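Chains as they are written, first to last, in the working numbering: chain A, 965 to 1966; chain B, 643 to 1055; chain C, 241 to 430; chain D, 86 to 179.
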């Protein structure tokens, strides 16, 4: 196990710490500090995976987060991760990775058949076929889906944790290359709170791999010194392994920090990743630039790599990925790697597209004995799983044809450099505007958004010294904007690179041995297998807007989101459309900058913290006593209490009968409660409710219905007058927040002069509702007060002591039985509940849940807002005209009642239904028809809103909204079930039990 | 040239150099009989049906940017017709019927994939809601199956049935599914152009000319153009055009966002919607997990919303599919949706004579595309609301006859 | 006796300690929600007379003395805290002295439960759940803010210049918030 | 995501707030006197401009107050926030 391509020395790897890892089942050795990509290259492994569409062999193209080719399936089982970029995976002991999108193996992949048929599979081929027979698409689709996709999702739950964090700072610097470091230091010395982030483990950016000098120091040394100062300052936060992913309005930036996912983390208490939500007053973008590939025939084989990537592998990882290297370039800067590789013992041939190169470069090549071919092109590449030779040919002066013969030379590594594209993705996300720059043949920032700076190569400035001076000024200026005006010394004096990047002409495509549109594989988007000829096809077929070309060919839509492909695609479009690249335009850059983990964004908002469970003071008792719970909004409410393996039906039967015959108890604490005070409270209630409130006596309770301004019922409840200007309102459990906000809306925006204050008191009170013929006897045993019908009549409230606790007891009833709602401060809720249960033993007191409550109220014909209503029912529709004041000038919703449709006679009305067979419980939600056909469609005239077996009556009852129902009592209607059966029912009044109300009033 | 496998093979011999333009870029004429404003699926489809079903000629579609660049190209491609109210059900089901033959009809594969759509129910109230809707669908002749928890878990591998809001059941529409959104615009455009429709891109309407209460033409960035009839189908910008014509609409334009993951091998073979857990998710043919986020409550024309909405969808997504936790978001984007008070569209006449409008589709326009286009074409052609369009007039906001799909899902008690 | 009568979800929670994080639940105290116009000088003066402190009128101010602590909630809303056994007397005092004025006074002593968070990593925990800029708000003692932590609306009151906060949360959310804070502290556990 | 300056609490993250649509839509003084069309306009019809928009927000996770926001609907820039009692500012700043 030795590293064939590892240099004897150099790089930031720790040669004392060898690491074993597995790739495609085979064990390899690397070192701490390696990435999976560098370690594989060290072992001379170039074939990493297969491309998306044609399943072509692919290797490592870049050394960073823009990598489109070297995607792997990382780890196994619950910790597996698809589409991980080998260039970003830091090596750790035991790491396992495998190739994706291939079967049975990356070397011999059945899917590569697609490559053979590639000629009939051009861009958008699927729009033109698979249409016959018309219903067969899903058959074809089955195979297409299986061929698509890249890696595989885990099949188990993620065992790792994710944390999230909000962070505020004065100045955020994105990118810790030398420009970012300079800006951060300037801002920090000026006194600002600074955050600097960089996606790499080691900060310093590209100059870590160069022979650049800053202030007459090696760039590496300068970086080290600068970092150490930044790390020592208390006003600076330095985050490595942290990628700024999204740049939103008002300088809101999201960043994903790898905390432990670069190590094996099964035992760590730290999260896998931390998701930062940053709000920075000023933002400095210093993300640098991406090297641009050249578009030539066969440019996608393993062993073909960006020149800058090779530079990084050599300098930072001590890996020389090839020994017989060809460099294909159109600019000076790329010669850096040629010199570097030669110094490490490689043989290098340079093929330069340009006819004339500078004297400086010529001299450099002579000095270093670099063989050069100017005005030459690589016309094809050879080798099945890895490049082993290339063919080159001299170009004519106008570059439109060849002169001389094609020559094939052997090579084991082909490097390419087509110039540089500033990393404007984040800038563009922030709504900054771009312009095309002819000097560098790429897009650069043009119009900045507020409180933002872009510096260095990120801004299209490739002169190191000028970049650093700009960065220094940006740092100072950003700090000043945030009020940090400490004067600082200028600390950049000198800076230079051996080969500065000057200009490069973007090359739409390089002439190949075959015409570019004749089946030649000039790749633009490596991952999605988009070739130059696909762009030609799209233009020919009219998909000429950039967005159409992108969507039709899928160029730029791979997991690198066009970082390596966009500008080249635009250059070809510009070439075909014969207009400047700037006029072709560019597609919109969308977040995230690099793919961002779902789990990190979900953070703690899953499992038990997915949504709060709101619990009442008596919750533990319900749990201990076997309650089955129902989710009502965020509340957990007891649904029913099964005893001895009872089913729901039996439990509800038992609970209902207990409440009707003796005494039942319900935890009604979830009801919304609002304390209303002020001299205008009655006036306010008059406007909020449909009925009149002016004459309510102190201590009296009244039921009220609330409508929205459309005239539709939206909540109901009982409100009680506590004092002269003091009311206690109750609302539905689910509607409490909505009602509170409704009241505040009108008080704060419409009736500003009204003297009323509303305060939510929902959780202040625990509400125990005891009901049934024995409830008075039971309560009497717990209080010294007289609570007979005279002292505490129906619809009255009295403040009395219950079990020694100050309570408010309301004689109100939602079940139709004699009933008392005991309100005590929540801290005493459990205590009083226990006492009531104890005292109730002799009456066989029975706790009941929401289902029993629903049955009992349905027997009485009481509505449940949200079940019997759906936001389209007026009080009149619900037969509740009795609660709508005719005298009041105005209340919310009133005006809407008289609109033409709302005032219509034959709207749907609430009715009762009794099934004629006296035994079928109609499904809630089933529909009513006047005439039943054998098969649908059938004309519907209403639907069942509530339906139960009534234990009290011994037969089923139902409530329904029925067209013109008010006038149809006694009629027989039909309810067709899903299974084809049709049930007959008779329309009745919706009150089924104790119509006179004797039981509750007694 | 007809699109077919045979022609694809045949053209491969000439290196695909003989394919014609799917649609061209004609000059704007001085006058048209009918102009449709808005080159999305609904607008292009309207022009197509006007030409095909009503034999009309001299039609143009004006698009301010590139066709299909609005909500047609920005949605999560979900198609279904299981709406509650008869009026909506009829309209959306008409659409599904047309979807089923659309690829053949247009000779353009729109990849309508009827992979089945599940509305999950997590609470008693949800069960009541899906039961009511399922029965209503059933009686309206729309396929609907009400499933219990076990059936749901069996049909959807890897879903978490026992989360904070356990799954209680689901409403399944097997005929529901997804389609390839861009292809819908492109297919209609190509088919419409074949019938003589002018498709004018990069042509923004800057004014609506009205004489004596009747529309006479438009001012555009490409000059003035006369028209006998104008149909507005400008999702996202309905109010802007209505304002040009001098009237207001009961509409707010709000951001709606969506996102996709990196592509992965097939893992989710149906469409999932959950109101209680707030998830809309499917997997595209490319392998991306496609997720719909919620809409923001503020008006905006910026085609972006608050990041909060994206974050908010992640908890529910991972809660429902814990295995998605390690997947990565590849791309997020936003569109502008026109929201009406009752979440139902507006199709019909406007206060201006011969000016018609089709808008207000909110978050649900894509699924309706062929039905909307077809019924709007009939409305524009005849000058009167088609039977299906009639309930969706602007006037319902005065009479109170809302088609309230929003209220029907209301939660309380 | 009193222990058996009083209960809350936090009563069952043992104090939690991790590196630089301490969570405890506090005892019940009297909490009155008080609302009035900030322009009503009669009320402002009376409040000063009764409690000995001014109603704080600036956002996020907390004024206190030995007996009372008044937290600013909004332009016309405060919480007045007092000893549990002084509450009834205070209510009577307010009602009699302010009679004729428009105000509201509501006992919400049980509406909120209070979790005390302290320790050098407190801000680290808070910043996981609240979007509040902790460098601007509640950055010194006697400052408070209403905001959210995760999915619970809270009132955070800073008790000292060292990180120590009383986090008031509605009773029904208390269990959720406590568990959330404990879970958020996981990375600081030994 | 916006930073919104609550007129009472100061600058806070958008997630503490919620938006409730167009502001300065007055409820008719006497609803009984307006016709169905006018009532419908009040209930449902909104200006929905592409440009300056006046809207109402509440500080839900803060002081619970309603207030007005003047914002541009294309740039999403908030130009001004002001309390409910204050009158509508001019349409100048774009």
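Quick reminder that beta carbons are idealized off the backbone N, C-alpha and C, glycines included.
On a predicted model such as this, the values are computed, not experimentally measured, just so you know.
Using DSSP with H/G/I as helix, E/B as strand and the rest coil, what is residue i?
i	result
residue 978 of chain A	strand
residue 1053 of chain B	The predicted model places residue 1053 of chain B with a pLDDT of 40, which falls under 50 and marks its position as unreliable, so this point remains unresolved.
residue 1426 of chain A	coil
residue 1804 of chain A	helix
residue 1613 of chain A	helix
residue 1782 of chain A	coil
residue 331 of chain C	helix
residue 782 of chain B	coil
residue 1546 of chain A	helix
residue 1648 of chain A	helix
residue 1445 of chain A	helix
Could you confirm whether any beta carbon from chain D is found closer than 8 Å to the beta carbon of residue i?
i	result
residue 986 of chain B	no
residue 920 of chain B	no
residue 724 of chain B	no
residue 1712 of chain A	yes
How would you call residue i, buried or exposed, if buried means at least 16 neighbouring beta carbons within 10 angstroms?
i	result
residue 175 of chain D	exposed
residue 1738 of chain A	buried
residue 708 of chain B	buried
residue 968 of chain A	exposed
What does residue i reach in chain A if we use C-beta pairs closer than 9 Å?
i	result
residue 255 of chain C	Correct list: empty, because the minimum Cβ distance to chain A is about 19 Å.
Is the Cβ of residue i closer than 8 Å to any Cβ of chain A?
i	result
residue 154 of chain D	no
residue 179 of chain D	In this prediction, residue 179 of chain D has a pLDDT of 46, which is less than 50 and means its spatial position is unreliable; what the coordinates show is noted afterwards. Not an interface residue.
residue 1030 of chain B	no
Just reading off the alpha helix (DSSP H) that residue i is part of, what are its end residues?
i	result
residue 423 of chain C	414-424
residue 684 of chain B	683-695
residue 960 of chain B	949-962
residue 1386 of chain A	Run containing residue 1386 of chain A: none in the alpha helix (DSSP H); it sits in the beta strand (DSSP E), 1384-1386.
residue 1325 of chain A	1323-1332
What residues from chain A crowd round residue i, counting only those whose CB sits closer than 8 Å?
i	result
residue 116 of chain D	1854, 1858 and 1859
residue 756 of chain B	1102
residue 149 of chain D	1708
residue 392 of chain C	1576
Give me the chain B residues within the contact set of residue i, using Cβ-Cβ distance strictly less than 7 Å, ordered along the chain.
i	result
residue 159 of chain D	943 and 944
How far does the beta strand (DSSP E) with residue i in it reach, from first residue to last?
i	result
residue 709 of chain B	No beta strand (DSSP E) holds residue 709 of chain B; DSSP gives it neither H nor E.
residue 851 of chain B	847-853
Is there a Cβ of chain C sitting closer than 8 Å to that of residue i, yes or no?
i	result
residue 105 of chain D	no
Which residues in chain A have a C-beta closer than 7 Å to the C-beta of residue i? List them in chain order.
i	result
residue 708 of chain B	1509, 1511 and 1512
For residue i, go through chain B and note every residue whose CB falls closer than 8 Å to its CB, in chain order.
i	result
residue 99 of chain D	948 and 950
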